[in-house]
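Undergrad: I'd like to ask some things about the structure below.
There are 2 protein chains.
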Amino acid sequence: MADYAEDERAVPLDGLSVEARIHDVMMELTAAEKRAARGLLGSYPTLGFAPVAEFAAVSGISSATVLRFVARLGYRSYPDFQRALREELDERSKSPLQRAEAAPPRADGDLHYLDRYMARMAANLSATAARIPISEFEALAARLAEGRGGCHLIGGRFTDAVAAYMEAHLRLVRPGVRRLDGRTATRADQLIDVRAGDIAVIFDVRRYDPQLLETARSLAGRRAFTVLVTDEWISPVSRHAKIVLPCLTETGSTWDANSALFTLVEAIIARTTELAWPAASRRIGSLEKG
Amino acid sequence: MADYAEDERAVPLDGLSVEARIHDVMMELTAAEKRAARGLLGSYPTLGFAPVAEFAAVSGISSATVLRFVARLGYRSYPDFQRALREELDERSKSPLQRAEAAPPRADGDLHYLDRYMARMAANLSATAARIPISEFEALAARLAEGRGGCHLIGGRFTDAVAAYMEAHLRLVRPGVRRLDGRTATRADQLIDVRAGDIAVIFDVRRYDPQLLETARSLAGRRAFTVLVTDEWISPVSRHAKIVLPCLTETGSTWDANSALFTLVEAIIARTTELAWPAASRRIGSLEKG
DNA sequence: TCCCCTCTGAAACGTCAATTTCAGCATTGA
DNA sequence: TCAATGCTGAAATTGACGTTTCAGAGGGGA
Numbered sequence: 001m002a003d004y005a006e007d008e009r010a011v012p013l014d015g016l017s018v019e020a021r022i023h024d025v026m027m028e029l030t031a032a033e034k035r036a037a038r039g040l041l042g043s044y045p046t047l048g049f050a051p052v053a054e055f056a057a058v059s060g061i062s063s064a065t066v067l068r069f070v071a072r073l074g075y076r077s078y079p080d081f082q083r084a085l086r087e088e089l090d091e092r093s094k095s096p097l098q099r100a101e102a103a104p105p106r107a108d109g110d111l112h113y114l115d116r117y118m119a120r121m122a123a124n125l126s127a128t129a130a131r132i133p134i135s136e137f138e139a140l141a142a143r144l145a146e147g148r149g150g151c152h153l154i155g156g157r158f159t160d161a162v163a164a165y166m167e168a169h170l171r172l173v174r175p176g177v178r179r180l181d182g183r184t185a186t187r188a189d190q191l192i193d194v195r196a197g198d199i200a201v202i203f204d205v206r207r208y209d210p211q212l213l214e215t216a217r218s219l220a221g222r223r224a225f226t227v228l229v230t231d232e233w234i235s236p237v238s239r240h241a242k243i244v245l246p247c248l249t250e251t252g253s254t255w256d257a258n259s260a261l262f263t264l265v266e267a268i269i270a271r272t273t274e275l276a277w278p279a280a281s282r283r284i285g286s287l288e289k290g
Numbered sequence: 001m002a003d004y005a006e007d008e009r010a011v012p013l014d015g016l017s018v019e020a021r022i023h024d025v026m027m028e029l030t031a032a033e034k035r036a037a038r039g040l041l042g043s044y045p046t047l048g049f050a051p052v053a054e055f056a057a058v059s060g061i062s063s064a065t066v067l068r069f070v071a072r073l074g075y076r077s078y079p080d081f082q083r084a085l086r087e088e089l090d091e092r093s094k095s096p097l098q099r100a101e102a103a104p105p106r107a108d109g110d111l112h113y114l115d116r117y118m119a120r121m122a123a124n125l126s127a128t129a130a131r132i133p134i135s136e137f138e139a140l141a142a143r144l145a146e147g148r149g150g151c152h153l154i155g156g157r158f159t160d161a162v163a164a165y166m167e168a169h170l171r172l173v174r175p176g177v178r179r180l181d182g183r184t185a186t187r188a189d190q191l192i193d194v195r196a197g198d199i200a201v202i203f204d205v206r207r208y209d210p211q212l213l214e215t216a217r218s219l220a221g222r223r224a225f226t227v228l229v230t231d232e233w234i235s236p237v238s239r240h241a242k243i244v245l246p247c248l249t250e251t252g253s254t255w256d257a258n259s260a261l262f263t264l265v266e267a268i269i270a271r272t273t274e275l276a277w278p279a280a281s282r283r284i285g286s287l288e289k290g
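Residue numbers (the working numbering), protein chains in the order written: chain A, 1 to 290; chain B, 1 to 290.
Printed below as a string of structure tokens:
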């Protein structure tokens, strides 16, 4: 593991975007430098990610001029400039609600708050499904369906409820299910029953809980099969997880939405029940009666 | 002008996108390689434009594993992989119908269980929104936002988790929130603190809980403002409720889906927070610190 | 027309990043 | 419990890329 330093700011002083900065200096640029600017704006921002030689070739100038161009923009080096571009792109895609809020401001006519909210969550579900690797989902369901070993569910401040919901169902499908208190899960008496090969499902969304990370570390030490259900920014718990299921939660308002997590849990339960049906049906039948 | 060669295809054989390719091989990846995949998917595609060392550091693995990862994807070198990413990004921004192409990463034919499940739930949400009277929704949010009197949340066997989730958020927005144990809520000591004008939110879905009905009756007797969140067949508790919010839960398989209930609860929380913002913001601020 | 100044690109340079190697380690099966 | 296999990351190696230098081209003024 490298000790990579990510503190250094790529952008010199102001927080201007690369594109804005180009427009600012455009008029002071020399002829060849302008061609560099044209080239970059022509296929923005991808050309900036290319090596200098390619940038130069596409723009029809020499490498040296490209370097002079980025220096004009205020960047100390070409890699510096590229980093700025990356951070910018990241920033843009980190708020997919630009679409949901900026795109249909008037298109929705007089749909009510509730309609809009539910519609956005519906879109969220589809997008979440698309970004979750099927193999991970299937692997988890299969493992849960096996029914061997223990199965420990751990949630955070808000996601504890989701864990509880999962527990209530999973108990009926397979034995050995129990829920740990997320806040005290690090304590030895909580983890003492965790054995090698046990499944541990951890729910962690922003703002990530340091205690959960600690718990995950302990679980990894105990050779538990750790599963993480998290948000699009992916909790640091992923370091210790065998399976990671990221859900979209961003809403842009006060609360993030855990609807996708909840629905994913239901999907997991449904799939697990299906896979374990021979055993589960008998179990459910006897428990329902009792 | 450099003699830069741009003829060489970065992508080996098929025209698959990097993202699609990741999902394809995800199953065959080793543990550390999966971390790389998650890292990239977590901030896609920007992390792929970073130097190998940074990619590795962010994903929590070594540089060597990153290289092995891109090799698994079928790229002959890291720069080769980066070029594929660039071409992909360019392609997307060149056509405004990016959605139509980028949205269905998996063809309609081989939709997986998870895709189908999420799609059905998405449809459920829209249908649920359509059948809930806006006036009821607004009335509830407004009443909750007032913040006067107590607010009691009661769930059933499975819906107790939904009630817990609502409690966790509502506590931050307004005072007087508490959750009753659904199974023992009829007992006098549980109901003794309920006063006239208090809000009581009851969650009840099939198979309807006789105890909850009894509790609702008692609450009505105490002049509580009773709200019912239920399924499409509508719990008998509705007899005692001032507001009824029906959600679609039918799935046709073993378990009914409470996803719509959960999402509705989030919508209620969001709307309430919005309406109560002046008071709620201060409250949230002070509670977050403590 | 000639000279000077600025801009420009080719080539040399040195650095840093991608790649390869290898030893240690965890994980799987007997 | 032990051996074998395959995964993993640290360090060494190589090569590529960004950077610098400098000679010459282009253009404007005297």
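We treat Cβ as the ideally placed atom computed from N, Cα and C, and that holds for glycine. Please read these numbers as outputs of a predicted model, since none were measured by experiment.
Does PHE203(B) come out as helix, strand or coil in the three-state DSSP assignment?
TA: strand
Undergrad: Please name the residue or residues paired with ARG223(A) in a DSSP beta bridge.
TA: Paired residues: none, contrary to the question.
Undergrad: May I ask you to report which of helix, strand or coil DSSP gives ASP231(B)?
TA: strand
Undergrad: If I measure Cβ to Cβ from ALA280(A) and keep anything under 6 Å in the same chain, skipping five residues before and after, which residues do I get?
TA: VAL173, THR273
Undergrad: Listing by chain order, which chain A residues have their CB less than 7 Å from the CB of LEU114(B)?
TA: Chain order gives the chain A residues near LEU114(B) as ALA129, ILE132, ILE134, PHE137, ALA267, where near means a beta carbon separation below 7 Å.
Undergrad: Which runs of the alpha helix (DSSP H), 4 residues or longer, sit entirely within the segment 111-157 of chain A?
TA: If we require 4 residues or more, the alpha helix (DSSP H) runs fully inside the segment 111-157 of chain A come out as 113-131, 134-146.
Undergrad: From ARG131(B), CYS247(B), ALA200(B), pick the residue whose C-alpha is nearest to that of LEU144(B); which is it?
TA: Checked all of ARG131(B), CYS247(B), ALA200(B); the closest Cα to LEU144(B) is ALA200(B).
Undergrad: Would you call GLU91(A) buried or exposed, if buried means 16 or more other Cβ atoms sit within 10 Å of its Cβ?
TA: exposed
Undergrad: What residue range does the beta strand (DSSP E) around LEU330(A) cover?
TA: Outside the modelled stretch of chain A, which goes from 1 to 290, sits residue 330(A), for which no answer is possible.
Undergrad: Are VAL205(B) and ASP256(B) closer than 9 Å when you measure CB to CB?
TA: yes
Undergrad: Relative to the alpha-carbon of HIS23(B), which residue among GLU138(A), HIS112(A), LEU85(A) has its alpha-carbon at the smallest distance?
TA: GLU138(A)
Undergrad: Are the C-beta of HIS169(A) and some C-beta of chain B separated by less than 9 Å?
TA: yes
Undergrad: Who are the Cβ neighbours of PHE49(A) in its own chain at under 6 Å, not counting the five residues just before and after it?
TA: none
Undergrad: Would you list, in chain order, the members of the segment 236-263 of chain B that have their beta-carbon closer than 8 Å to a beta-carbon of chain A?
TA: For the segment 236-263 of chain B, residues whose beta-carbon sits nearer than 8 Å to a beta-carbon of chain A comprise THR251, SER253, THR254, TRP255, ALA257, ASN258, SER259, PHE262, THR263.
Undergrad: Mind listing the chain B neighbours of ASP90(A)? Cutoff is C-beta to C-beta under 8 Å, in chain order.
TA: SER43, THR46
Undergrad: If we cut at 9 Å on Cβ distances, does ASP160(A) have a partner in chain B?
TA: Closer than 9 Å: yes.
Undergrad: Looking at C-alpha atoms only, which residue of SER126(B), HIS240(B), VAL229(B) is the closest neighbour of LEU140(B)?
TA: Measuring from the Cα of LEU140(B), the nearest candidate turns out to be VAL229(B).
Undergrad: Quick check on the burial criterion: 16 or more other C-beta atoms within 10 angstroms. Buried or exposed for SER126(A)?
TA: Per the 10 Å Cβ criterion, buried.
Undergrad: Does DSSP put VAL194(B) in a helix, a strand or coil?
TA: coil
Undergrad: In whole angstroms, give me the CA-to-CA distance for TYR208(B) and ALA163(A).
TA: 23 Å
Undergrad: Judging by CA-CA distance, which residue of ILE132(B), VAL237(B), LEU245(B), CYS247(B) is the nearest neighbour of LEU212(B)?
TA: VAL237(B)
Undergrad: Kindly indicate the opening and closing residues of the beta strand (DSSP E) around ILE243(A).
TA: 243-247
Undergrad: Count the other CB atoms, across all protein chains shown, that sit within 10 Å of the CB of LEU64(A); report buried if there are 16 or more and exposed otherwise.
TA: Sequence check: residue 64(A) is Ala here, not Leu. ALA64(A) should be labelled exposed.
Undergrad: Is the segment 149-166 of chain B touching the segment 258-275 of chain B, taking contact as three or more C-beta pairs under 8 Å?
TA: A contact is defined here as three or more CB-CB pairs under 8 Å, and the segment 149-166 of chain B meets this definition with respect to the segment 258-275 of chain B.
Undergrad: In angstroms with no decimal places, state the Cα-to-Cα distance between PRO375(B) and ALA270(B).
TA: The structure shown does not extend to residue 375(B), since chain B spans only 1 to 290, so no value can be given for it.
Undergrad: Looking at the unbroken alpha helix (DSSP H) that takes in GLY42(A), where does it start and where does it end?
TA: 31-42
Undergrad: Using a Cβ cut-off of 9 Å (strictly closer), state whether GLU274(B) contacts chain A.
TA: yes
Undergrad: Note down, in chain order, every chain A residue with its Cβ under 8 Å from the Cβ of ARG38(B).
TA: Chain A residues near ARG38(B): ILE234, SER238, VAL244, PRO246.
Undergrad: Between the beta-carbon of ALA168(B) and the beta-carbon of PHE158(A), is there less than 9 Å?
TA: Yes. Within cutoff.
Undergrad: Against chain B, with Cβ distances strictly below 9 Å, would SER218(A) count as a contact?
TA: No, SER218(A) does not count as interfacial toward chain B.
Undergrad: Taking one C-beta from the segment 244-256 of chain A and one from the segment 216-236 of chain B each time, how about it: are there three or more such pairs within less than 8 Å?
TA: no
Undergrad: Kindly list, in the order they appear in chain B, the residues whose Cβ is closer than 9 Å to that of TYR165(A).
TA: PHE158, THR159, ASP160, ALA161, VAL162, ALA164, TYR165, ASN258, PHE262
Undergrad: With a threshold of 9 Å between beta carbons, is GLN82(B) in contact with chain A?
TA: yes
Undergrad: In whole angstroms, give me the CA-to-CA distance for VAL18(A) and PRO51(B).
TA: 20 Å
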